[in-house]
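UniProt numbering applies: residue 1 is where the sequence shown begins, and numbers increase by one.
Heads up, the beta-carbon is just placed ideally off N, CA and C, and yes, glycines get one too.
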Amino acid sequence: MGQGSAFELATGDYLFEPHSGDEYSRDEDHIAHMVELLGEIPPQFALSGRYSREYFTRRGEGPAEPLGPWSLMPPSPPGELRHIPSLRPWALGAVLLEKYEWPREQAATFAQFLLPMLEFLPEQRPTAAQCLPLRPWLSP
1 MGQGSAFELA TGDYLFEPHS GDEYSRDEDH IAHMVELLGE IPPQFALSGR
51 YSREYFTRRG EGPAEPLGPW SLMPPSPPGE LRHIPSLRPW ALGAVLLEKY
101 EWPREQAATF AQFLLPMLEF LPEQRPTAAQ CLPLRPWLSP
């Protein structure tokens, strides 16, 4: 079972449900949802992908459309989304509390279980075997 499947099983909803907009693609919206829930993507990781230039700014780049030398907008730091600059962070525990009205302890326990599996850097994610002993409710 994947991380999204565990969330779906627990809540009945998708973990991420991206949509395209006038200024951004479904893929970029998916990345934005991930950043809102999980925090900033490490810039080195964000900029390492084959298509990273489509979605992320590089060092010193400004918005996707240049605003000219009169612009008061500072250049975006590397690794920021090109077309979705305003994100609304919402931590997983808070989502479970506020949207799904879970009890605080249950929301915290489930978030502590799920979040390590959602690490952006693959080498920092635990294996399935490392996850099972952490949550007694998953034991046979």
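- Annotated three-state conformation of Phe7 is helix, per DSSP.
- Under DSSP, no beta-bridge partner is assigned to Leu114.
- For Tyr55, the uninterrupted alpha helix (DSSP H) segment begins and ends at Ser52 to Tyr55.
- In this structure Phe45 touches Leu121 by the C-beta definition: roughly 6 Å separates them, less than 8 Å.
- As the crow flies, the alpha-carbon of Pro43 is around 21 Å from that of Arg26.
- Closest by C-alpha distance to His30, out of Gln106, His83 and Ala10, is His83.
- Around the Cβ of Leu87, a 10 Å sphere holds fewer than 16 other Cβ atoms; the residue is exposed.
- Counting only residues of its own chain and dropping the five nearest sequence neighbours on each side, Arg104 has a CB closer than 7 Å to the CB of Leu97.
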